[in-house]
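See structure below.
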Amino acid sequence: MRLYFWLIALIAGTLFLAMLTVDFGLTIGERAQGGYAARTAEEQVEAEARAAASRAEANDAADEAMKALDALNASGNKAADTKE
Numbered sequence: 001m002r003l004y005f006w007l008i009a010l011i012a013g014t015l016f017l018a019m020l021t022v023d024f025g026l027t028i029g030e031r032a033q034g035g036y037a038a039r040t041a042e043e044q045v046e047a048e049a050r051a052a053a054s055r056a057e058a059n060d061a062a063d064e065a066m067k068a069l070d071a072l073n074a075s076g077n078k079a080a081d082t083k084e
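Residues in the sequence shown are numbered from 1 upward in steps of one, following UniProt numbering.
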């Protein structure tokens, strides 16, 4: 009786691990083998233009944030000077 139980448990465990391995292996395989369609030249140019626009927008936002911090620090220093 115990032998049958362990045999069934072993088979069930093996099947369970095999199902996990196969499912995980297929998703890794698609990505590793480049399962996505290649971009056309127009799509690549468009993607690069979007990236450049995003980069410029991020730089502008960072510049504005630095200006705001500088203004805040300048006003804070003036307030500290008047308190003393």
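Backbone N, C-alpha and C fix where the C-beta goes; we use that ideal spot for every residue, glycine too.
Residue i versus residue j - alpha carbon distance
| i | j | result |
| --- | --- | --- |
| D70 | R39 | 43 Å |
| M19 | L10 | 14 Å |
| A51 | A68 | 26 Å |
| S75 | E46 | 43 Å |
| A61 | S54 | 10 Å |
| L15 | I8 | 11 Å |
| N59 | E43 | 24 Å |
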